[in-house]
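What follows is one structure encoded as structure tokens, with my remarks underneath.
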Amino acid sequence: SGSGPRAGDGGWRQRRAESGRLWHVTPRVLRDDGTLGLAEATQGGFPARLRVLLELEGTRLVLELEQNWELVPGAGALLYYLPNGTRVTQGASEQEHCCYRGTVRGFPGSWASLCACDGLSGHLRLSETRSYRLEPDAGSPPGRHVAYRSREVRLAPRACGQDPSDPPKEETEETEPPRLQR
Numbered sequence: 092s093g094s095g096p097r098a099g100d101g102g103w104r105q106r107r108a109e110s111g112r113l114w115h116v117t118p119r120v121l122r123d124d125g126t127l128g129l130a131e132a133t134q135g136g137f138p139a140r141l142r143v144l145l146e147l148e149g150t151r152l153v154l155e156l157e158q159n160w161e162l163v164p165g166a167g168a169l170l171y172y173l174p175n176g177t178r179v180t181q182g183a184s185e186q187e188h189c190c191y192r193g194t195v196r197g198f199p200g201s202w203a204s205l206c207a208c209d210g211l212s213g214h215l216r217l218s219e220t221r222s223y224r225l226e227p228d229a230g231s232p233p234g235r236h237v238a239y240r241s242r243e244v245r246l247a248p249r250a251c252g253q254d255p256s257d258p259p260k261e262e263t264e265e266t267e268p269p270r271l272q273r
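Here the sequence shown is numbered in the working numbering, starting from 92 and rising by one per residue.
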């Protein structure tokens with residue numbers, strides 16, 4: 092009896108899948124001794140570096156990732172007081188740090204910004220015309236994800252001396268090549 096975009100679990104996903112713009116992928120973490128699922132690879136904590144393999148649109152991609160200390164979900168510290176009035180500040184531990192950034196092997200100028208907290212979610216940019224959003228597929232077996240083309244948001248260049256309160260102009264462009272219309 093729900094309504095809205097999430098009702099029926101995934102009307103938008105169904106439309107993307109029908110248009111050929113949604114792919115089911117199962118990321119694998121590469122290790123010297125083979126591959127592991129993401130949950131297996133991170134069950135003892137989040138490593139400083141990850142190499143993730145996934146196949147997208149028929150291309151095998153290897154993501155070379157390292158922890159991104161500039162992007163910490165829920166960053167900050169927990170502040171509380173003990174019954175005796177002592178102030179205690181607790182920072183996020185390395186164990187909880189699950190966000191990564193990096194590049195895609197074989198794609199110069201590529202970048203990836205992903206979090207592995209609960210599955211792998213974030214963005215991949217392979218080139219100026221090829222960017223993707225990746226997220227866990229809630230209605231599928233564990234480890235399965237969905238990937239779909241994302242949009243590029245380009246900000247107009249700022250001139251020296253431009254007032255910082257002037258908002259930059261945005262230009263949104265689909266990352267897929269234009270289709271011919273008849």
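Even for Gly, the Cβ is constructed at its ideal location relative to N, Cα and C.
Residue nearest to leucine 127 within the set Leu113, Arg142, Trp114, His115 is Arg142 (criterion: CA-CA distance). Setting aside the 5 residues that flank it on each side, leucine 144 is surrounded in the same chain by Arg119, Leu121, Val153, each with a C-beta closer than 6 Å to its C-beta; the list follows chain order. Inclusion of glutamate 157 and arginine 112 in the CB contact set at 8 Å is not warranted, their separation being larger than that value.
Under DSSP, no beta-bridge partner is assigned to glutamine 134.
Counting only residues of its own chain and dropping the five nearest sequence neighbours on each side, glycine 234 has a CB closer than 6 Å to the CB of Thr117, Gly128.
Exposure of alanine 130 is indicated by the presence of fewer than 16 other C-beta atoms within 10 angstroms of its C-beta. Leucine 141 has Leu156 as its beta-bridge partners, per DSSP. Rounded to whole angstroms, the gap between the alpha carbons of serine 241 and tryptophan 160 is 24 Å. With respect to serine 201, arginine 216 sits close: the two C-beta atoms are nearer than 8 Å.
Counted as a single uninterrupted DSSP element, the beta strand (DSSP E) harbouring glycine 125 occupies residues 125-128. Beta-bridge partners assigned by DSSP to alanine 229: none are found. Residue range 119-122 is occupied by the beta strand (DSSP E) that includes arginine 119. A straight-line Cα-Cα distance of about 11 Å links glutamate 155 and phenylalanine 198.
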